[in-house]
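Protein chains in written order, with the working numbering: chain A, 1 to 794; chain B, 795 to 1065. Don't be surprised by glycine CBs; every beta carbon is placed ideally from N, CA and C. Every value quoted in this text rests on a predicted model; they were computed, and no experiment measured them. Notes follow the structure.
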Ligand SMILES: Cc1cc2nc3c(=O)[nH]c(=O)nc-3n(C[C@H](O)[C@H](O)[C@H](O)COP(=O)(O)OP(=O)(O)OC[C@H]3O[C@@H](n4cnc5c(N)ncnc54)[C@H](O)[C@@H]3O)c2cc1C
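Have a look at this one:
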């Protein structure tokens, strides 16, 4: 690994250090929102629509008001004046994008099962929930739209006032004629339709919120289980007309998010609105089934993907047309999610012609938004399934067809036809390493042996070579994509008078271990011990500026900001040390906490002494301010592009359709690794989540728009028992995009794994002529496919 | 998820439990709580009172009674799974218990609760059927012993009256072959379909999740008695049945699974 710059002879970056966050998490001492004690808090409960689309005829709250412990029962109409603006959508992807007004609570029409219609405020949780049953709502049912292809026809409308279900049409067609030409002259064309089913993110900690008004000053503190305290503060202040300067948002320990807490939610707005209205703290914690209905869903696309190729299997064009499910309303980033994949449908391959069209559609379902990978798992699935289908059509081994198409290593930085610059990459070695690690040739022999012996347990091997874009993001690029905010990150490094180091970061970790990784970066650069570095975050009063944590951005952008702030504070310290030593700053070198005069080892000045000098300020050089502190806001010049190859091995029972993942090998390149154990942890979880999409999970709806799997009995979240031990390895191609050479690893696992698993299943079933199985590949689906391939109904 | 409010009473003895059940309308016994409490939290069950028999240690035992083994109703799945006596005399039962849910469920759930609940998707009731278990019921008028085959009458419905208690499950020792085939997607799940087979000279086969109650595959048993091959008999696994439909399986798929799993169970039990 190329070395990070360090001021320490005992470097810690690159070591597998235990996470400093873990003791309190593992012993149950960590405080999540629901654990926070708050005197006099009132509990909020929401009555939710049981219908997917209906007019609210009347709401009678009189009985509920009389229930014991109940303080207030309010309908959407009662609350309308509390909101200065509708719920925010920060990504109007086109100029004419349609965004129907979305309030935290419906007042006239409900648009999905789970839409809030009334709120109870009571002195305890159970009283609040009990009172819900006493509210009498009369609805008039309206026609329901559940399927994307049906939504496209505009026969029934989710929002009749818009006149269409289409939210936007977004195109990326750098050279349409070139694409048409490539298809017209192609030796081979494969066309496939894939479905990205909806997923329920299922963070371990449900969402929770506690809004606390402070007496006299009209100031508010909102505690929320969120990934985005900073963005949330800004958005709440505009939705509720509260001065941004008087609102503090704190995310205490947060038990996972995966994008589901990258949002501004109705309950956050409502709790704060009610805390203001009632001048009392108001709290709410999501119930699991309630969360299944009202926390955003992930994915939800129908993709039509076409590849054109020459006779050698070289891809000459990719043409993609997708329908993306917005759900009933636009949440914070809903329409932008497909755009995060839009540039990546050619994957790791050097493709000369490209076109992408996405139609965003409303349905009467829970809103969708960014879920781990956001757009990139969909893109990766499309290209990695399609290239397998092309390989099969031409009769080339799936590993070989990938090799033939890889972007060659000498083309990096690579300007892609869709318009990105892939910062660095070297694809072939990762594929090669994965093939060797899994024992590809032997597995193929074993597969063949089983086939010739007539075994009913079929072996399948599936490859997925992925590249993704993360490290969100260069602000200018975000602007050109019409995203409403920047992509920078801020950090402050403060060396206190006792020489302890305090770091504040604008990232908002919720399981990623930033306290560990950031302290490693700082300790190395300063040459101080890890224990002397504290990392503060996720409180807008402590770290006022930040863009928070999502999109595998934190180390690439936030970690870099921390690193650069450390450099900056050292620069200042150097000036003070030079002044004390009466030499010029250039004569100093720094290591292990000491400034030393080059060439004269005795003359030195310790960083700890600089810290004290900066504090007392008795003798500072002219023009130098007291205190040793520096802040940096860093805007990255580009995205980063992690990549790798994953290989799944499955066993399929031909008689029952039972499909088991038996081995999983991954070789990932995420650039330099600060803490390889954290990198592996992210990959393990990500792979498991992607395997879950491939084999287990689906938010299933009936035709009336009822979500059918709202508990973990029905919703098939797998556990460790269903998964083999993953066999992980890595290559290291540092990123030139940032000073750490890092790329980001939060999403890579779930981006790569779904097509690896489905490719393996389709490979196993190739003797039956089966070309595709939709996700999740449940035993029933696999069995049905085998059965229909036999065509005898048995 | 919070249950609706309810009263709570702790029973000191079987007689105490019966007397509370007799005097309180709509009271329900609480054993391990692993079927009842989830229903209450979803507010699908709203009993007026829970009569907690969870600490009646006199109902937790596994005893050798000569030609049969007596199992107290409050014996946890975990204890059945690890019982030496059962492993040697009624080996199918510990194995079935080991396939129930996850370790937490097995430490809380009881055989009496599982059988009384009468869920067609549960494993232990099907094992009780395949074993021709006898069930001891105690009510205000005394004790009666009912064969498992006559116990389950409808969806979550048994012959027990609301003031009766299941106190003991009796299973005959046997030395022949057996098999339990449980098909599910995740280790902790209920069976999509399950098949239990016991061969002690006679062959008995029972089915999990193939109808509203735990079921005996009588068509399979008759075919075998009539000399049919395993292959042929298995084809009758779903004869006369109307298996449920859910997200995991259509009833057609269930029928197919029942045939495959019955064949596998018979091959193992008779092999
Ligand atoms: C996550 C999860 C997974 C599970 N997976 C499985 C599985 O794979 N297979 C499976 O078979 N089961 C499974 N179960 C159910 C589990 O086995 C239950 O423990 C069992 O079904 C009920 O036993 P209990 O002691 O918990 O009964 P309780 O829930 O206490 O009671 C169930 C019902 O029986 C009544 N009752 C209880 N004891 C008696 C008695 N002695 N006399 C009369 N009536 C009585 C109660 O009043 C109640 O109506 C699962 C449960 C959970 C929560």
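Rounded Cβ spacing between residue 833/A and residue 469/A (contact assumed at less than 8 Å): Any question about residue 833/A goes unanswered here, given that chain A covers just 1 to 794.
For ligand 1, any of its heavy atoms closer than 6 Å to the Cβ of residue 822/B? Position 28 of the second chain, counting from 1, holds the residue named residue 822/B. Flag set: Cβ of residue 822/B near ligand 1.
Listed by chain order, chain A residues near residue 1043/B by CB distance under 7 Å: In the second chain, the residue the question calls residue 1043/B occupies position 249. Ordered by position in chain A, the residues that pass the 7 Å Cβ test against residue 1043/B are 780.
Beta-carbon proximity list for residue 645/A, same chain, < 6 Å, skipping 5 on both sides: For the purposes of this step, residue 645/A is taken as the residue at position 645 of the first chain. Correct list, in chain order: 430, 431, 434, 465 and 667.
Closer than 9 Å by beta-carbon distance: list the chain A residues that pair up with residue 982/B, in chain order. On the second chain, residue 982/B is found 188 positions in, with the first residue counted as 1. Result: 719 and 721.
In whole angstroms, what is the alpha-carbon distance linking residue 145/A and residue 56/A? As a first step, residue 145/A must be located in the first chain, where it is residue number 145. As a first step, residue 56/A must be located in the first chain, where it is residue number 56. Using only the alpha carbons, I get a separation of about 18 Å.
With 16 as the cutoff for other CB atoms within 10 Å, does residue 613/A come out buried or exposed? Taking the first chain and counting its residues from 1, one reaches residue 613/A at position 613. Per the 10 Å Cβ criterion, buried.
Taking 7 Å as the CB-CB limit, is residue 129/A close to chain B? By one-based count along the first chain, residue 129/A stands at place 129. Yes, because at least one Cβ of chain B sits closer than 7 Å to the Cβ of residue 129/A.
Within a Cβ cutoff of 7 Å, which residues of the same chain sit near residue 38/A, ignoring the five residues on either side of it in sequence? On the first chain, residue 38/A is found 38 positions in, with the first residue counted as 1. Correct list, in chain order: 210, 212, 281 and 283.
Return yes when the C-beta of residue 952/B is under 6 Å from any heavy atom of ligand 1, and no when it is not. Position 158 of the second chain, counted from the start, is the residue given in the question as residue 952/B. No, since every heavy atom of ligand 1 falls outside the 6 Å radius drawn around the Cβ of residue 952/B.
N-terminal and C-terminal residue of the beta strand (DSSP E) that residue 646/A is part of: Stepping through the first chain from its first residue, residue 646/A is reached at position 646. Looking at the DSSP string, the run of the beta strand (DSSP E) that includes residue 646/A is 643 to 653.
Within the present structure, is the beta-carbon of residue 894/B separated from the nearest heavy atom of ligand 1 by less than 6 Å? Translated into the one-based positions of the second chain, residue 894/B becomes position 100. Yes, ligand 1 has a heavy atom inside 6 Å of this Cβ.
DSSP beta-bridge partners of residue 1010/B: Residue mapping note: residue 1010/B aligns to position 216 of the second chain, counting from 1. Answer is 1000/B, bridged to residue 1010/B.
Out of 491/A, 341/A and 659/A, point me to the one whose CA is closest to residue 751/A's CA. Here residue 751/A corresponds to residue number 751 of the first chain, with the count starting at 1. With distances taken between Cα atoms, residue 751/A lies closest to 341/A.
For ligand 1, any of its heavy atoms closer than 6 Å to the Cβ of residue 829/B? Taking the second chain and counting its residues from 1, one reaches residue 829/B at position 35. Taking the Cβ of residue 829/B as the reference point, at least one heavy atom of ligand 1 falls within a distance shorter than 6 Å.
Let's test the definition: count the other Cβ atoms within 10 Å of the Cβ of residue 1005/B and tell me whether it reaches 16, buried, or not, exposed. Looking up residue 1005/B in the second chain gives position 211. Residue 1005/B should be labelled buried.
Note down, in chain order, every chain A residue with its Cβ under 9 Å from the Cβ of residue 979/B. Here residue 979/B is taken as the residue at index 185 of the second chain, counted from 1. Under a criterion of Cβ atoms nearer than 9 Å, the residues of chain A adjacent to residue 979/B are, in order, 658, 695, 696, 716, 718, 722, 778 and 779.
Just how far apart, CA to CA, sit residue 885/B and residue 193/A? In the second chain, residue 885/B corresponds to position 91, counting from 1. In the first chain, residue 193/A corresponds to position 193, counting from 1. The straight-line gap separating the alpha-carbon atoms of residue 885/B and residue 193/A is approximately 50 Å.
For ligand 1, is there a heavy atom less than 6 Å away from the beta-carbon of residue 350/A? Taking the first chain and counting its residues from 1, the one referred to as residue 350/A is at position 350. No.
Under 7 Å, Cβ to Cβ, is there at least one residue of chain B near residue 661/A? Residue numbering aside, residue 661/A sits at position 661 when the first chain is read from its first letter. No, its Cβ sits nowhere closer than 7 Å to a Cβ of chain B.
Contact under 7 Å by Cβ, residue 807/A with residue 527/A: Residue 807/A lies beyond the stretch modelled for chain A, which goes from 1 to 794, so this question has no answer here.
Within 7 Å, strictly: CB atoms of residue 70/A and residue 122/A: The sequence position of residue 70/A within the first chain is 70, counting from 1. The sequence position of residue 122/A within the first chain is 122, counting from 1. Using a Cβ distance threshold of 7 Å, residue 70/A and residue 122/A count as a contacting pair.
So does residue 844/B have its beta carbon nearer than 6 Å to some heavy atom of ligand 2? Summarising the ligand content, the structure contains ligand 1 and does not contain ligand 2.
Residue interval of the beta strand (DSSP E) (run including residue 470/A): Counting from one through the first chain, the residue named residue 470/A turns up at place 470. Per DSSP, residue 470/A lies in no beta strand (DSSP E) and is assigned neither H nor E.
Between residue 954/B and chain A, is there a C-beta pair that is closer than 7 Å? In the second chain, the residue the question calls residue 954/B occupies position 160. False, the Cβ-Cβ gap to chain A never drops below 7 Å.
Is residue 795/B close to chain A? Criterion is C-beta to C-beta, closer than 7 Å. As a first step, residue 795/B must be located in the second chain, where it is residue number 1. Yes, contact with chain A.
Please list, in chain order, the residues of the stretch 32 to 52 of chain A that have any C-beta partner in chain B closer than 8 Å. Of all residues in the stretch 32 to 52 of chain A, none has a Cβ within less than 8 Å of some Cβ in chain B.
Would you say the stretch 526 to 545 of chain A touches the stretch 445 to 465 of chain A, given that touching needs at least three Cβ pairs under 8 Å? With a cut-off of 8 Å, the stretch 445 to 465 of chain A and the stretch 526 to 545 of chain A do not count as touching, because too few Cβ pairs lie within range.
Let me know if residue 794/A comes out buried or exposed under the rule of 16 or more other beta-carbons within 10 Å of its beta-carbon. Along the first chain, one-based indexing puts residue 794/A at 794. The predicted model places residue 794/A with a pLDDT of 43, which falls under 50 and marks its position as unreliable; any figure quoted below should be read in that light. Exposed, by the Cβ-count rule.
Where does residue 669/A sit, in a helix, a strand or coil, going by DSSP? Residue numbering aside, residue 669/A sits at position 669 when the first chain is read from its first letter. It is a strand residue.
Does any heavy atom of ligand 1 sit closer than 6 Å to the C-beta of residue 904/B? One-based indexing of the second chain puts residue 904/B at position 110. Yes, ligand 1 has a heavy atom inside 6 Å of this Cβ.
Can you list the alpha helix (DSSP H) stretches of 4 or more residues lying completely in the stretch 902 to 981 of chain B, in chain order? Runs of the alpha helix (DSSP H) inside the stretch 902 to 981 of chain B: 905 to 911 and 917 to 924.
Are the Cβ atoms of residue 794/B and residue 808/B separated by less than 7 Å? No statement about residue 794/B is possible, as the shown extent of chain B runs from 795 to 1065 and does not include it.
Pull the bridge partners of residue 196/A from the DSSP assignment, please. Here residue 196/A refers to the residue found at position 196 when the first chain is read from its first residue. Note: residue 196/A is bridge-paired with 301/A in the DSSP secondary-structure output.
Start and end residues, beta strand (DSSP E) containing residue 43/A: Taking the first residue of the first chain as position 1, residue 43/A is located at position 43. Start and end: 42 to 48.
Extent of the continuous beta strand (DSSP E) run through residue 993/B: Numbered from its first residue, the second chain carries residue 993/B at position 199. Unbroken beta strand (DSSP E) run through residue 993/B: 987 to 993.
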